[in-house]
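Let me begin by presenting the structure, written as structure tokens, before commenting on it.
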């Protein structure tokens, strides 16, 4: 069986521009077009296409689909709209006690608290309240 794609060569691609103007991956774009694969796609287009598929649950779970949709919307957000001023950051030094950590979660009413070493300029991680409760439950059970 002869496939029309196998009959094509890169030499068949009419290039009306100077090849140097196509950039580092210009030859790949010409090849994709000549093979009928369409123009270059970026990751965003690929993800959006998969999310718009007739049965998006076949590709992604519902949780994955929602996360990807939020991630795509997040990309158009401005930093000023989501950032927390340094003076308003609720964080704890990693040397604080478990009691202090629990009290901070209760007072701040947040689900995540950054941990640092000595200053906020030395972040060590993030603790989520649900992870803390899992640890407390496992410790109490065992």
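Residue numbers (our numbering): 20 to 161. Virtual Cβ for every residue (Gly too), placed ideally from N, Cα, C. Since this is a predicted model, take the numbers as computed values, not measurements.
Check: In angstroms, rounded to a whole number, what distance separates the CA positions of residue 117 and residue 81?; Outcome: 35 Å
Check: Per DSSP, residue 145 is paired with what?; Outcome: 133
Check: Look up residue 80 in the DSSP assignment and say whether it is helix, strand or coil.; Outcome: coil
Check: Near residue 123, which residues of its chain fall below 7 Å by C-beta distance, leaving aside the five closest residues on each side in sequence?; Outcome: 109, 111, 132
Check: Is the distance from the Cβ of residue 134 to the Cβ of residue 145 below 9 Å?; Outcome: yes
Check: Got a sec? Which residues, its chain only, sit under 8 Å from residue 87 by beta carbon, not counting five neighbours each side?; Outcome: 66, 70, 79
Check: Who are the Cβ neighbours of residue 136 in its own chain at under 6 Å, not counting the five residues just before and after it?; Outcome: 113, 143
Check: If you reduce the DSSP assignment to three classes, tell me which class residue 69 lands in.; Outcome: helix
Check: Considering only the beta carbon of each residue, do residue 130 and residue 148 sit closer than 9 Å?; Outcome: yes
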